[in-house]
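So the structure is just underneath, and the comments pick up after that.
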Amino acid sequence: MTDDLEAARKRLSYRAHHRGTKEMDLILGPFADLFLPGYDATKLARFEAVLDQSDADLLSWVTGQSPLGQGADIELLGEVVAFAHKGLAK
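Residue 434 is where the sequence shown starts when you use my numbering, and the numbers rise one by one after that.
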């Protein structure tokens, strides 16, 4: 099981770093580097669902241009938004 989790972390880290837009690469990549090592299988699945969202939607949510979408993982997206805002404030 540990090998499966590690493989999932590597796969999700790759996806987070290699998005369709540079903006989301710069937000989701470092977020994944910081948080994925501590995620269990359930949280990894939730993060994968976030990565399944389009970059346009994610960027719109992170920048506050639109409210979080229907069915979105509001808790996890809130963590991403807080991380992005903290990083942008530097």
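Just so it is clear, CB atoms sit at the ideal spot from N, CA and C, and this is done for glycine as well.
### Query
Given that a residue counts as buried once 16 or more other Cβ atoms are within 10 Å of its Cβ, and exposed if not, what is Leu491?
Taking the first residue of the sequence shown as 1, we reach residue 491 at position 58. With 16 or more other Cβ atoms within 10 Å, it is buried.
### Query
From Lys455 to Arg444, what does the alpha carbon distance come to, in whole angstroms?
The residue labelled residue 455 in the question sits at position 22 within the sequence shown. The residue labelled residue 444 in the question sits at position 11 within the sequence shown. Distance between the alpha carbons of Lys455 and Arg444 is about 18 Å.
### Task
Under 6 Å Cβ to Cβ from Arg423, same chain only, skipping five residues before and after it: list those, please.
In the structure as shown, the chain starts at 434 and stops at 523, and residue 423 therefore has no counterpart that could be examined.
### Query
How should Leu510 be labelled, buried or exposed, when 16 other C-beta atoms within 10 angstroms of its C-beta is the threshold for buried?
Here residue 510 corresponds to residue number 77 of the sequence shown, with the count starting at 1. It counts as buried.
### Helix, strand or coil at Leu501 [DSSP, three-state]
Working through the sequence shown from its first residue, we reach residue 501 at position 68. Three-state result, Leu501: coil.
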